[in-house]
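Q:
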Amino acid sequence: MKVAGEEPVEGDGALDEDGGGRASAVRPFLLTAGRVAGTAGTSKGPPIPIETQVVATSGGLAALDSFASEHREIIAACRRPQSLAELAARLRLHLNVVRVLADDLRAQGRLRVYVPRANAAQDASVLRRVIDGLRTVPDSRGFLREG
Amino acid sequence: MKADPSGTVSPGAAGAAGSPGAADAAVQQPPLPVKMVIAGGFGVGKTTTVASISEIEPLTTEAAITTVAAGVDDLSHTPEKTTTTVAMDFGCITLDPTLKLYLFGTPGQERFGFMWDDVVEGALGGLVIVDARRLDDCYAAVDYFENRDIPFAVALNAFDGKVEYELDEVRWALDVSDHVPVTVFDARERGSVRDTLLVVLELALERVERAQGRA
Ligand SMILES: Nc1nc2c(ncn2[C@@H]2O[C@H](COP(=O)(O)OP(=O)(O)OP(=O)(O)O)[C@@H](O)[C@H]2O)c(=O)[nH]1
Ligand SMILES: [Mg+2]
Chain A
3 MKVAGEEPVE GDGALDEDGG GRASAVRPFL LTAGRVAGTA GTSKGPPIPI ETQVVATSGG
63 LAALDSFASE HREIIAACRR PQSLAELAAR LRLHLNVVRV LADDLRAQGR LRVYVPRANA
123 AQDASVLRRV IDGLRTVPDS RGFLREG
Chain B
611 MKADPSGTVS PGAAGAAGSP GAADAAVQQP PLPVKMVIAG GFGVGKTTTV ASISEIEPLT
671 TEAAITTVAA GVDDLSHTPE KTTTTVAMDF GCITLDPTLK LYLFGTPGQE RFGFMWDDVV
731 EGALGGLVIV DARRLDDCYA AVDYFENRDI PFAVALNAFD GKVEYELDEV RWALDVSDHV
791 PVTVFDARER GSVRDTLLVV LELALERVER AQGRA
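One line per chain: the protein sequences are A and B, in this order. If you read the first sequence in this note's numbering, its first letter stands for residue 3, the second for the next number, and so on. If you read the second sequence in this note's numbering, its first letter stands for residue 611, the second for the next number, and so on.
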């Protein structure tokens, strides 16, 4: 299995073509046809969490050129798994715009959206894994945690 | 791991390491994302904390928060809710190939009760960073975590290595419950940030285990 997140995500060349300018604040809202995630008019229930992982499907990547700019950028950025928060930050889009666009692309089979289980915070085994993982993080001088 | 026809999948159900299944072999399996919240008033060291331990340069995104206007204490008065867009920065740590911890730094604001639901929902825990010279900047965050029953610790950022108050004084001044850890840390030191996060996670684990013991 090729594993996500081994390398820093910055290396994704697809995003560097951005030109660096701040995306127009209005256009993405036009793209979402005025829908805002988590409010009436879209999905019922709470908005999907900001840490939700999004990955392009091979179909999405193959059809990359057929998409308009924001959609194309999202798919290209999702060659490797990304959180919604990372997507919004890297593409300079409002989080709620990314939620809507990602959901559109999911419905078209261009992205897979991995909504995390809601109860991870109540799962002792998840907490233990996080604790064990964090304990292996060395301090600034490379030393591991004592004890 | 199962994919439903809609393309929405739940990762990490059994450790997330399972085979990708039939759907799309080319699609990389994402890690299970978990998150913690780094809260506190202006300039207390939230971004510094995230940067110290994140494997990427902290990123900034804009999120919607609902602020509740002051006067929430007055029960006869329905608090006015306003949705505001705030900048929020975050970083992440890949703990293992199947598990990634996100740290979200949320801005503080005096005089507003906060509802960071968008960020906090599902968080493993929170850290309220405090600058001991400006204690009142953090009340909103402390209240928020206490009211929502989210495991958190108060972390005094030792600017220049000095803490001018005793931890007991800080605890007293903030009026946090006895079970809330109050610690000193250095936002610029990765080891210090790591250990402070571990305090919160151990508290969270203790709580879950206690709840399961009762069940
Ligand atoms: N000396 C010292 N300076 C610190 C420490 N932590 C943060 N700083 C500095 O304090 C300033 C504010 O820190 P930030 O991390 O930006 O604080 P913040 O909470 O993200 O601030 P806002 O996002 O503006 O609310 C920066 O100039 C930091 O370099 C510390 O432990 N010691
Ligand atoms: Mg900051």
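Every residue gets a Cβ at the ideal spot worked out from N, C-alpha and C, and that includes glycine.
1. Could you tell me the distance, in whole angstroms, from the CA atom of B:Pro641 to the CA atom of A:Leu66?
2. Give the interface partners of B:Thr670 over in chain A, defined as CB-CB distance under 9 Å, in chain order.
3. Leaving out five residues on either side along the sequence, give the residues of the same chain with a beta carbon under 6 Å from the beta carbon of B:Glu756.
4. Taking the straight line between their C-alpha atoms, what separation do you get for B:Ile602 and A:Arg131?
5. Can you list, in chain order, the stretches of the beta strand (DSSP E) that have 3 or more residues and sit fully within the region 648-679 of chain B?
6. Are the beta-carbon atoms of B:Asp770 and B:Gly651 separated by less than 9 Å?
7. In whole angstroms, what is the alpha-carbon distance linking A:Leu103 and A:His73?
8. Determine the extent of the beta strand (DSSP E) in which B:Thr793 is found, giving its start and end residues.
9. Tell me which residues of the region 653-670 of chain B have at least one Cβ-Cβ distance to chain A shorter than 8 Å, keeping chain order.
10. Would you mind working out which of A:Leu136, A:Thr54, A:Gln55 and A:Ile76 sits nearest A:Gly62, comparing C-alpha positions?
11. If we define contact as Cβ-Cβ less than 9 Å, is B:Thr793 a contact residue for chain A?
12. Would you decide whether A:Ala120 is buried or exposed? Buried here means 16 or more other CB atoms lie within 10 Å of its CB.
13. Where does A:Ala70 fall in DSSP's three states?
14. Could you check if A:Asp125 belongs to the surroundings of ligand 1, using beta carbon to heavy atom distance under 8 Å?
15. Using a cut-off of 8 Å between C-beta atoms, extract the partners of B:Ala768 located in chain A.
16. Out of B:Gly655, B:Leu808, B:Cys702 and B:Pro717, which has the shortest C-alpha to C-alpha gap to B:Glu665?
17. For the region 132-139 of chain A against the region 80-90 of chain A, are there 3 or more C-beta pairs whose distance is under 8 Å?
18. Please report whether the beta-carbon of B:Val790 lies at a distance below 9 Å from any beta-carbon of chain A.
19. Report yes or no: is there a C-beta of chain A within less than 9 Å of the C-beta of B:Phe762?
20. Residue range of the alpha helix (DSSP H) that A:Val102 falls in?
21. Hey, how far is the Cα of B:Glu779 from the Cα of B:Ala814?
A: Taking the definition as stated:
1. 24 Å
2. Ala91
3. none
4. No answer is possible for residue 602 of chain B: it lies beyond the span of chain B, which begins at 611 and ends at 825.
5. 669-678
6. no
7. 7 Å
8. Val792 to Phe795
9. Ser662, Ile663, Glu665, Ile666, Glu667, Leu669 and Thr670
10. A:Ile76
11. no
12. Around the beta carbon of A:Ala120, fewer than 16 other beta carbons sit within 10 angstroms, so the residue counts as exposed.
13. coil
14. No, ligand 1 has no heavy atom inside 8 Å of this Cβ.
15. Ordered by position in chain A, no residue passes the 8 Å Cβ test against B:Ala768, which lies about 15 Å from the chain.
16. B:Cys702
17. no
18. no
19. no
20. Unbroken alpha helix (DSSP H) run through A:Val102: Leu97 to Ala109.
21. Near 25 Å, if we compare the C-alpha coordinates of B:Ala814 and B:Glu779.
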